[in-house]
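Protein chains in written order, with the working numbering: chain A, 102 to 423; chain B, 344 to 437. Virtual Cβ for every residue (Gly too), placed ideally from N, Cα, C. Take a look at the structure set out below.
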Amino acid sequence: MNIISLYLVDILLVISLLSLAWASLTTADARRSVILFMAFGLVLALVWARLLAPDVALAEAAIGAGLSGALLLAAIGEQPGSSINVNTDHSEDVQDSNRSVVVTWTITGLCAALAIILAWTLLQTFDNVNNKATAQAVSENLTDSGVSNPVTAVLLNFRAYDTLLELAVLLSAVLGIFSLGGIRSPYQLAGPVFDGLARWLVPVLMLTAGYLLWVGAHAPGGAFQAGATLAAAAVVLRLAGHHNIGLPQGKSLHIIMTIGVGLFLLVGLSMLALGRSFLDYPPALAGTLILVIETAAMISIAATLVLAFLGGRPQMQKHKPC
Amino acid sequence: MIDLFSSIFMLSGIIFFLAGSIGLLRLPDLYSRLHALTKADNLGLGLLLVGLALHMQQPLFALKLLLIWLAVLAAGSASAHLIAQHARRQEADQ
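Here is the structure:
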């Protein structure tokens with residue numbers, strides 16, 4: 102009985118996931134499509150939780166559903182007249198729609214090809230790699246990793262290289278954002294209700310971020326989830342109309358942006374200096390080093406996400422902000 | 344005994360959710376739809392969480408459920424207010 106009801110939940114999840122994806126893609130109204138996409142992200146987080154991957158579920162809920170949704174909505178707000186169908190000039194309209202059909206089908210074809218290749222690779226991996234052996238190797242060496250959460254052990258110790266490169270990708274994304282110019286114009290000051298909510302929500306979000314960072318050592322959590330939560334606090338402040346959202350300007354901002362990759366590299370290189378291999382921490386120090394790296398990574402990740410939401414480089418202010 | 348109480352709480356929670364969802368689909372205008380959605384779902388979630396809390400082994404877990412409910416209450420009522428306010432302003436503009 103229990104297994105059957107779980108299957109029912111799974112089937113319902115898959116059906117709602119697919120229909121939300123379809124609805125989000127086929128809706129003509131951009132705003133509606135983004136909101137459906139956020140709902141899709143939340144259901145996807147539930148699917149990850151059902152697949153016993155709470156770390157991924159947390160990251161999907163925070164980044165996939167929450168922050169991407171905020172980013173997309175902000176981008177729509179920027180586009181004039183995007184939520185209303187502009188159908189005044191019909192001669193250009195036909196050509197435009199022809200072109201957009203071609204573009205749509207090209208993108209659909211490429212995505213389908215990518216999905217097939219990925220599915221094929223996944224199947225190959227399932228066939229060839231002994232998954233049990235990998236999992237066993239992780240759990241056997243877990244005591245040396247400095248943390249008791251196997252996901253954090255893989256991300257920050259056994260495969261720290263991957264995470265370092267991920268942070269480098271984020272850093273180059275910030276460079277791309279900076280090239281877009283100044284930040285978006287601020288929102289108008291919120292009314293009493295939203296202001297009250299923001300006053301209450303922002304400290305709670307910051308506390309949650311600290312908790313997620315700390316708990317990552319032995320339970321689902323970690324730098325990415327914590328950074329996304331911290332960035333969410335900044336997004337709430339920004340939506341409430343606050344101009345200053347805690348990001349410094351000038352040199353301090355550059356330090357915050359690069360501290361994740363920088364400290365990671367520094368730790369990795371000092372291991373070389375100590376005669377070990379790159380990013381090979383001594384087991385006694387591993388826990389502390391991972392916490393230090395994750396704290397720095399959280400700050401950089403949060404700064405990157407906030408800068409993406411701001412949509413540009415914060416201008417230097419001549420007078421000091423109070 | 345606990346099972347019985349928890350089932351009663353959860354079932355009544357589900358009924359509130361159902362009522363809220365029917366209201367969202369059937370009611371004529373934005374304001375009454377918002378009303379149906381936020382009021383019924385807030386109470387429904389509360390009842391559902393009480394039903395779940397009765398099953399928790401540790402009081403701490405029940406406290407976490409309470410926190411979740413409070414967060415949803417605050418977010419739900421604030422966003423309902425914001426949507427209603429936005430709609431009213433748009434009406435005033437037209």
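* **The alpha helix (DSSP H) enclosing P293/A, as first and last residue numbers** => By one-based count along the first sequence, residue 293/A stands at place 192. Start and end: 293 to 316.
* Asked: So is T381/B buried or exposed if we call it buried at 16+ other beta carbons inside 10 Å?
  -> Translated into positions along the second sequence, residue 381/B becomes position 38. Label assigned to T381/B: buried.
* Asked: Anyone know if the C-beta pair for V144/A and L174/A falls short of 8 angstroms?
  -> Within the first sequence, numbered from 1, the residue matching residue 144/A stands at position 43. Within the first sequence, numbered from 1, the residue matching residue 174/A stands at position 73. No, Cβ-Cβ distance for V144/A and L174/A is not below 8 angstroms.
* Asked: Is there at least one Cβ from chain A nearer than 8 angstroms to L425/B's Cβ?
  -> Within the second sequence, residue 425/B is the residue found at index 82, counting from 1. With 8 angstroms as the cut-off, L425/B counts as an interface residue toward chain A.
* State the start and end residues of the unbroken alpha helix (DSSP H) segment that holds V230/A. => Taking the first sequence and counting its residues from 1, one reaches residue 230/A at position 129. First-last for V230/A: undefined, no H or E at that position.
* **Per-residue contacts from G292/A into chain B (C-beta, under 9 angstroms)** => The sequence position of residue 292/A within the first sequence is 191, counting from 1. Those are H424, L425, Q428, listed as they occur along chain B.
* Can you tell me which of the three DSSP states R432/B falls into? => Position 89 of the second sequence, counted from the first residue, corresponds to residue 432/B. R432/B falls in the helix class under three-state DSSP.
* In terms of residue numbering, what span does the alpha helix (DSSP H) encompassing P251/A cover? -> As a position in the first sequence, residue 251/A is number 150, starting the count at 1. 251 to 254 is the span of the alpha helix (DSSP H), which, as asked, contains P251/A.
* G283/A bridges to which residues according to DSSP? -> Here the question's residue 283/A lines up with position 182 in the first sequence. R414/A, per the DSSP bridge assignment.
* Under 7 angstroms from the C-beta of W301/A: neighbouring residues of chain B -> Position 200 of the first sequence, counted from the first residue, corresponds to residue 301/A. Result: A417.
* To do: Let me know the secondary structure DSSP gives Y374/B once reduced to three states.
  => Taking the first residue of the second sequence as position 1, residue 374/B is located at position 31. DSSP places Y374/B in helix when its eight states are reduced to three.
* From L425/B to S350/B, what does the alpha carbon distance come to, in whole angstroms? -> As a working mapping, residue 425/B is identified with position 82 in the second sequence. As a working mapping, residue 350/B is identified with position 7 in the second sequence. Each residue's Cα considered, the two are about 35 angstroms apart.
* Do L331/A and M358/A come within 8 angstroms of each other at the CB atom, strictly closer than that value? -> Here residue 358/A is taken as the residue at index 257 of the first sequence, counted from 1. Here residue 331/A is taken as the residue at index 230 of the first sequence, counted from 1. Against a cut-off of 8 angstroms, the Cβ pair of L331/A and M358/A comes out as no contact.
* Is F138/A close to chain B, meaning its C-beta is less than 8 angstroms from at least one C-beta of that chain? -> Residue numbering aside, residue 138/A sits at position 37 when the first sequence is read from its first letter. No, because no Cβ of chain B sits closer than 8 angstroms to the Cβ of F138/A.
* From I302/A to A162/A, what does the alpha carbon distance come to, in whole angstroms? -> Looking up residue 302/A in the first sequence gives position 201. Looking up residue 162/A in the first sequence gives position 61. This sequence places Leu at residue 302/A; Ile is not what is there. If I take the Cα positions, the gap works out to 17 angstroms.
* To do: Mind reading off the beta-carbon distance from Y288/A to R339/A? Whole number of angstroms is fine, and I expect it under 8 angstroms.
  => As a first step, residue 288/A is located in the first sequence; it is residue number 187 there, counting from the start. As a first step, residue 339/A is located in the first sequence; it is residue number 238 there, counting from the start. The Cβ separation is near 7 angstroms, so the contact holds.
* To do: Report the residue from A335/A, V368/A, G361/A whose alpha carbon sits nearest the alpha carbon of L386/A.
  => If you number the first sequence from 1, residue 386/A lands on position 285. Looking at the Cα atoms, V368/A is the closest of the given residues.
* Within 8 angstroms (strictly less), CB to CB, does L375/A reach chain B? -> Reading the first sequence from its first residue, position 274 is the one you call residue 375/A. No, its Cβ sits nowhere closer than 8 angstroms to a Cβ of chain B.
* Measure the C-alpha to C-alpha separation of V239/A and R260/A and round it to an integer number of angstroms. => Counted from its first residue, the first sequence places residue 239/A at position 138. Counted from its first residue, the first sequence places residue 260/A at position 159. Distance between the alpha carbons of V239/A and R260/A: 11 angstroms.
* **Proximal residues to G363/B (C-beta, below 6 angstroms), its chain only, five neighbours per side dropped** => Taking the first residue of the second sequence as 1, we reach residue 363/B at position 20. A379, L380, A383, D384.
* Answer with buried or exposed for P321/A, where buried requires no fewer than 16 other C-beta atoms within 10 angstroms of its C-beta. => For the purposes of this step, residue 321/A is taken as residue 220 along the first sequence, with counting starting at 1. That one is buried.
* Compare the beta carbon distance of I394/A and L257/A with 8 angstroms and say whether it is the shorter of the two. => By one-based count along the first sequence, residue 394/A stands at place 293. By one-based count along the first sequence, residue 257/A stands at place 156. Closer than 8 angstroms, so yes.
* What's the gap between the Cα of K352/A and the Cα of P415/A? -> The sequence position of residue 352/A within the first sequence is 251, counting from 1. The sequence position of residue 415/A within the first sequence is 314, counting from 1. Going by the C-alpha atoms only, they are around 12 angstroms apart.
* Asked: Q326/A lies in the alpha helix (DSSP H); which residues open and close that run?
  -> The residue labelled residue 326/A in the question sits at position 225 within the first sequence. Unbroken alpha helix (DSSP H) run through Q326/A: 324 to 340.
* Per-residue burial, F141/A [other beta carbons within 10 Å of its own, 16 or more giving buried] -> Within the first sequence, residue 141/A is the residue found at index 40, counting from 1. With 16 or more other Cβ atoms within 10 Å, it is buried.
* When you compare only the Cα positions, how much space is there between E267/A and L380/A? -> Mapped onto the first sequence, residue 267/A falls at position 166. Mapped onto the first sequence, residue 380/A falls at position 279. Taking the straight line joining both Cα atoms gives about 15 angstroms.
* To do: Determine the chain A residues that contact A421/B at a beta-carbon separation under 7 angstroms, and present them in chain order.
  => For this step, residue 421/B is matched to residue 78 along the second sequence. Near A421/B (Cβ distances below 7 angstroms), the residues of chain A are V294, F295, L298.
* Asked: So, do the segment 165 to 180 of chain A and the segment 397 to 416 of chain A have three or more beta carbon pairs nearer to each other than 8 angstroms?
  -> yes
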